[in-house]
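One structure below.
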Amino acid sequence: MREPKKTEIGEVVLTARGVEKTFDRTRALAGAELELRAGEVHGLLGANGAGKSTLSKVISGHVTRDAGEVTYKGRALNFRSTRDALDAGIAIVMQETTLAPDLTVLENIFLPELGRPGRLSYGALRKRAGELLASLGHEHVLRLDDEVARLSAAQRQLVEIAKALALDADLIIFDEPTASLSPSEVERLFDIMARLRASGRALVFVSHRLEEVFAITDRVTIMREGRTVVASRDTASLSQAELIRHMVGQELGAIYATPAAAPENAKPVVLAVEGLRAPPEVRNVSFQVRKGEILGLGGLVGAGRSEAAEAIFGLRPRAGGTITMEGRVIDPKKPHQAVKAGIGFVAEDRRVQNIVPDLSVKENLLLAHLGAHQGFGLAYQSREKKIGELLDSLGLPAHRLLDDNMLTFSGGMQQKIIIARWLLLDPKVLLLDEPTKGVDIGTRSSIYALLRDIAARGVAVVVISSDFEELLGISERIVVISDGTTIADLPSRLLDVEKLTLLAAPRTSMRQNTELLRSLTAETGGAGFWALIDGDRMICLNVVTAAEAPGPGFAAGEAKAIGDTAIPAALQRRAADFVTEADGSRSTLLVPMKSQRGHDLGWIGLSVPAGAGVPAAEPIRQRIETLNRAAA
Amino acid sequence: MSHTTNPGAATAEGPRQTSIVARLGRRLEIRMLGLAIVLAAILSLLSPYFLTTSNLFNILDQSVVIGIVAVGMTFVILIGGIDLSVGSVAGLAGVILGLALREFPIPVAIFLAVATGAFVGLISGVLIAYFGLAAFVVTLGVMAIGRSLCYILSGQQSISDIPDSIQAIVYTDVLGVPTNVIFLVILYLVAWAYLTRTKGGRTIYAIGSNAEAARAAGLSVLFYSVLPYVVSGALSAVAIIFSVAQILSVDPLAGTSWELDAIAAVVIGGASLFGGRGTIIGTLIGVLIMVMIRNGLNLMNVSPYWQGSAIGGIIILALLVERLISARANRR
Numbered sequence: 000m001r002e003p004k005k006t007e008i009g010e011v012v013l014t015a016r017g018v019e020k021t022f023d024r025t026r027a028l029a030g031a032e033l034e035l036r037a038g039e040v041h042g043l044l045g046a047n048g049a050g051k052s053t054l055s056k057v058i059s060g061h062v063t064r065d066a067g068e069v070t071y072k073g074r075a076l077n078f079r080s081t082r083d084a085l086d087a088g089i090a091i092v093m094q095e096t097t098l099a100p101d102l103t104v105l106e107n108i109f110l111p112e113l114g115r116p117g118r119l120s121y122g123a124l125r126k127r128a129g130e131l132l133a134s135l136g137h138e139h140v141l142r143l144d145d146e147v148a149r150l151s152a153a154q155r156q157l158v159e160i161a162k163a164l165a166l167d168a169d170l171i172i173f174d175e176p177t178a179s180l181s182p183s184e185v186e187r188l189f190d191i192m193a194r195l196r197a198s199g200r201a202l203v204f205v206s207h208r209l210e211e212v213f214a215i216t217d218r219v220t221i222m223r224e225g226r227t228v229v230a231s232r233d234t235a236s237l238s239q240a241e242l243i244r245h246m247v248g249q250e251l252g253a254i255y256a257t258p259a260a261a262p263e264n265a266k267p268v269v270l271a272v273e274g275l276r277a278p279p280e281v282r283n284v285s286f287q288v289r290k291g292e293i294l295g296l297g298g299l300v301g302a303g304r305s306e307a308a309e310a311i312f313g314l315r316p317r318a319g320g321t322i323t324m325e326g327r328v329i330d331p332k333k334p335h336q337a338v339k340a341g342i343g344f345v346a347e348d349r350r351v352q353n354i355v356p357d358l359s360v361k362e363n364l365l366l367a368h369l370g371a372h373q374g375f376g377l378a379y380q381s382r383e384k385k386i387g388e389l390l391d392s393l394g395l396p397a398h399r400l401l402d403d404n405m406l407t408f409s410g411g412m413q414q415k416i417i418i419a420r421w422l423l424l425d426p427k428v429l430l431l432d433e434p435t436k437g438v439d440i441g442t443r444s445s446i447y448a449l450l451r452d453i454a455a456r457g458v459a460v461v462v463i464s465s466d467f468e469e470l471l472g473i474s475e476r477i478v479v480i481s482d483g484t485t486i487a488d489l490p491s492r493l494l495d496v497e498k499l500t501l502l503a504a505p506r507t508s509m510r511q512n513t514e515l516l517r518s519l520t521a522e523t524g525g526a527g528f529w530a531l532i533d534g535d536r537m538i539c540l541n542v543v544t545a546a547e548a549p550g551p552g553f554a555a556g557e558a559k560a561i562g563d564t565a566i567p568a569a570l571q572r573r574a575a576d577f578v579t580e581a582d583g584s585r586s587t588l589l590v591p592m593k594s595q596r597g598h599d600l601g602w603i604g605l606s607v608p609a610g611a612g613v614p615a616a617e618p619i620r621q622r623i624e625t626l627n628r629a630a631a
Numbered sequence: 000m001s002h003t004t005n006p007g008a009a010t011a012e013g014p015r016q017t018s019i020v021a022r023l024g025r026r027l028e029i030r031m032l033g034l035a036i037v038l039a040a041i042l043s044l045l046s047p048y049f050l051t052t053s054n055l056f057n058i059l060d061q062s063v064v065i066g067i068v069a070v071g072m073t074f075v076i077l078i079g080g081i082d083l084s085v086g087s088v089a090g091l092a093g094v095i096l097g098l099a100l101r102e103f104p105i106p107v108a109i110f111l112a113v114a115t116g117a118f119v120g121l122i123s124g125v126l127i128a129y130f131g132l133a134a135f136v137v138t139l140g141v142m143a144i145g146r147s148l149c150y151i152l153s154g155q156q157s158i159s160d161i162p163d164s165i166q167a168i169v170y171t172d173v174l175g176v177p178t179n180v181i182f183l184v185i186l187y188l189v190a191w192a193y194l195t196r197t198k199g200g201r202t203i204y205a206i207g208s209n210a211e212a213a214r215a216a217g218l219s220v221l222f223y224s225v226l227p228y229v230v231s232g233a234l235s236a237v238a239i240i241f242s243v244a245q246i247l248s249v250d251p252l253a254g255t256s257w258e259l260d261a262i263a264a265v266v267i268g269g270a271s272l273f274g275g276r277g278t279i280i281g282t283l284i285g286v287l288i289m290v291m292i293r294n295g296l297n298l299m300n301v302s303p304y305w306q307g308s309a310i311g312g313i314i315i316l317a318l319l320v321e322r323l324i325s326a327r328a329n330r331r
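As they're listed, the protein sequences go chains A and B.
Numbering of the first sequence is given in numbering that gives the first Met the number 0, commencing with residue 0 and proceeding in unit increments.
Numbering of the second sequence is given in numbering that gives the first Met the number 0, commencing with residue 0 and proceeding in unit increments.
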């Protein structure tokens, strides 16, 4: 057992330096650093795949590092197992909880105790569990004898936290803890985190929800491509825009050989999805995809993109919305109905959802054919010619087709075969969920080329990807989904990784914000917007324009130099009252949005045309500030 | 059931240069065929009577009933299911057959018996595939219900007023081969062709190997998950018909413990209880191994009380040896 050395608040408890980790060929960490102090909430930020989770797992002993040093309370950490980490007092509360669903709350809290020799005293454990929950301020919320399977996501998380405390953990890592919580549950979680902080523990908060980072963290460390790019900065010293810039970096990779073709709106719409609902993940998804076009569905992991694709393909029950194929409404309840309508779907998890391990490569290739084929026999020979052509275009030698195991192929080859499985059927629409997941960088470009080729043959291609660079590189248009709702539909030439990240970040306050802008613009006949201003550039998050009013010169998701907008003077001066532009065409009021703790959340603007008469600034300012307080 | 992935291995490799022996050795049913031959050799040494023509026909004759049941069981195990009810479904179909023969001509009675088996299989299949109940539990329940119905319908007595003319389906010869053996061979040919050459057969393999992928590829997962149970029920009924035709009597206990023999034969034949892996030829070899062991033990006058231990021990030993060999074969 570890000696009960207590740390003073503010004392450094953990430092990680130069941590490296490579999985297969993917470099997950390449020089990660982190410093934690007792009594702080430390935000660990980064875009998808930046290495936040890997670093968390290195610290919590789930993953062993390849290189680098980690010191905890003055001693070098070398965990061989998670058990070691637990004994040292480091615990992790994961997104997917690691509770045993059939055991009770009490048993789960003390699950690690079961691994120790000796008799358990349930009476003593019960008393201690009560104390732990009381220290979290939740002693009456959870019944210790309830089965964990019956608890809500938030309650399970509470059990996880109690479990960490039962081990006397001084360092608790929260890995995306708010992903499945409602706003009020998030508030309660933050309350608990504040109590833990006050008790002198060091907390790591892994997230990409910017508002929450500003709401709870004291310092932040930002990671990008496995490296720490900003180490332990005070949260208060950073603006939202700076944070995003650090997260996404400036440089864009050059692995996308050909730029996406200019959109051609003349092409006919093949698939139109309107108001798709499949709760809880898919709330309101709408998009259209045209013949020969590559459409990207962007968003963060868990935003509901995969679920939307599955609902369209009939793999998931739909609660509402219409799906139209070439003008005809279809209602696929099972995949084979979607296949019949001309849709193909390459699911995200190759091993679980696509590959049939006991069938030969050829039969795997012909699996969708088997589903679509109507007769009693196999009719494999009817596809022989097409298979030959496909193999040629994929660069797969024909003799490998008879291999009896597809799993010995590289990830890229497996993916090509799965894509070819659908191409055999000549689909009109092909949905691909994370088509380059588990495919090494070198082979990715050949998959991109394949997708372009498919689109060039007139197939409407829909690609889901969490890799924003990839999405921007291959698609002509991007529909952004956040929290199960489509929030933007923009040509990719207007976007970059920065804007995409910003648009995709889930915003608890987006709905309220839209309502406020709507009522303001309806009353004044102007245009309302929410934007971040960073030096001489601005990024627009939301725009609502009244029917007749001229827009502010930018659209949601757009980033522009201030000088290029229709309201440069107002954006530049950010005065307390309405600012009239030099040409006198309109007047604009800008009100700063601040979180409760005073962090910058951007600006709310209201721009009215000159003819309408300038309204009084003060009542408007007050309304915006009221919303501020409610939202924060 | 772990597969090792080897990323990058696919690109540069040429055609695999492996000897035919090594290649055949990778197939479980081939190894089991080797085991069957070794077993036959040992038995022929222990008992001079073993390799006589009449005893070989004896073995085939004894293989018919369990061989038929094992075909249905292969279908069920291939989709990753299990059917514990085959014995009592056979018993029930036998009682129906016996009762129907009092009222109807033989073909009608046979039809009613097979329809009974298929219907019970349909009920199990729907409960398992549509309602998602565990196959083990559903067929265990059906097993109990089936046996109970056997007693009720038969009045707890053997039905022995079976018309002699039904023996024709067993004791007619074609070129010296009895009809029940011919039926067995044809059944295995048809089942083999179905499982390897038709949409339904390949769908069954795909479901057993990865049901989620099968669904995502647009295959009719529900239909082909129910079908094996219907086949299994119907074939259990067919098996009891051959048995009844031989002994001209139906006992309410008929078919007891058939499920164990059938499952053992399928597993010895190389099928995976997780589904997706196994062949009809393997099952045939498994059946022959089971029957040969029993036949050999009888020839050597081993007490029937010891035979259970001997058969169980040999099965476990065979699988253990196979697991050790295949672990080595797959490491290459």
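Even glycine gets a Cβ: it sits at the ideal position worked out from N, Cα and C.
At a Cβ-Cβ threshold of 9 Å, residue 398/A and residue 382/A do not count as neighbours. The alpha helix (DSSP H) runs lying completely inside the region 135–171 of chain B and spanning 4 residues or more are 167–170, given in chain order. Taking a Cβ-Cβ cut-off of 7 Å, residue 28/B has no neighbours in chain A, whose nearest Cβ is about 14 Å from it. In the structure shown, the three-state DSSP call for residue 338/A is helix. Inclusion of residue 153/A and residue 188/A in the CB contact set at 9 Å is warranted, their separation being smaller than that value.
For residue 275/B, the C-beta contacts it makes with chain A under 9 Å involve 355, 356, 357 and 358, in order along the chain. Boundaries of the alpha helix (DSSP H) around residue 60/B: 52–77. In this structure, the straight-line span from the alpha carbon of residue 79/B to that of residue 204/B is close to 9 Å. Residue 320/B has its alpha-carbon roughly 31 Å from the corresponding atom of residue 235/B. The DSSP assignment places 178–196 and 198–215 as complete runs of the alpha helix (DSSP H) inside the region 173–216 of chain B, in order along the chain (cut-off: 4 residues). Per the coordinates, the alpha-carbon of residue 267/A lies some 33 Å from the alpha-carbon of residue 379/A.
In the DSSP secondary-structure assignment, residue 608/A is bridged to 585/A. Between residue 284/A and residue 480/A the beta-carbon gap is near 6 Å, inside 8 Å, which marks them as a contact. If only uninterrupted alpha helix (DSSP H) runs of at least 4 residues are considered, those enclosed by the region 491–530 of chain A are 496–503 and 509–523. Taking a C-beta distance under 9 Å as the contact criterion, residue 93/B and residue 258/B do not qualify as a contact pair. Between the alpha carbons of residue 192/B and residue 295/B lies a distance of about 32 Å. Residue 169/B holds the alpha-carbon nearest to the alpha-carbon of residue 61/B among 82/B, 45/B, 169/B and 161/B. For residue 532/A, the beta-bridge partners assigned by DSSP are 537/A. Considering only 240/B, 51/B and 265/B, the residue with the shortest C-alpha distance to residue 165/B is 240/B.
Residue state for residue 398/A is assigned as helix, using DSSP reduced to three classes. Between the region 521–539 of chain A and the region 555–573 of chain A there are three or more inter-stretch CB-CB distances shorter than 8 Å, so the stretches are counted as touching. Contact annotation for residue 217/B against chain A: 334, 335, 338, 367, 370 and 371 [CB-CB distance below 7 Å, chain order]. DSSP lists 170/A as the beta-bridge partner residues of residue 89/A.
Boundaries cannot be given for residue 372/A, as no beta strand (DSSP E) includes it and DSSP labels it neither H nor E. Residue pairing by DSSP places residue 432/A opposite 463/A in a beta bridge. Residue 35/A is bridged by DSSP to 13/A. Non-local beta-carbon contacts of residue 43/A in its own chain, meaning distances under 6 Å to residues more than five positions away in sequence, involve 51, 203, 205 and 220 in chain order. With a cutoff of 9 Å on beta-carbon distance, residue 318/A and residue 276/A are scored as near each other. Distance from the CA of residue 213/A to the CA of residue 482/A, rounded to the nearest whole angstrom, comes to 19 Å. Counting only Cβ-Cβ distances below 9 Å, residue 362/A has contacts in chain B at 201, 204 and 205, in chain order.
Counted as a single uninterrupted DSSP element, the beta strand (DSSP E) harbouring residue 233/A occupies residues 226–233. Between residue 606/A and residue 551/A, the C-beta gap is smaller than 9 Å, which places the two residues in contact.
According to DSSP, residue pairing for residue 270/A in a beta bridge involves 288/A and 324/A.
DSSP, read as helix, strand or coil, puts residue 177/A in coil. In the three-state reduction of the DSSP assignment, residue 452/A falls in the helix class, which pools H, G and I. Residue burial is scored here from C-beta neighbours: residue 227/A has at least 16 other C-beta atoms within 10 angstroms and is therefore classed as buried.
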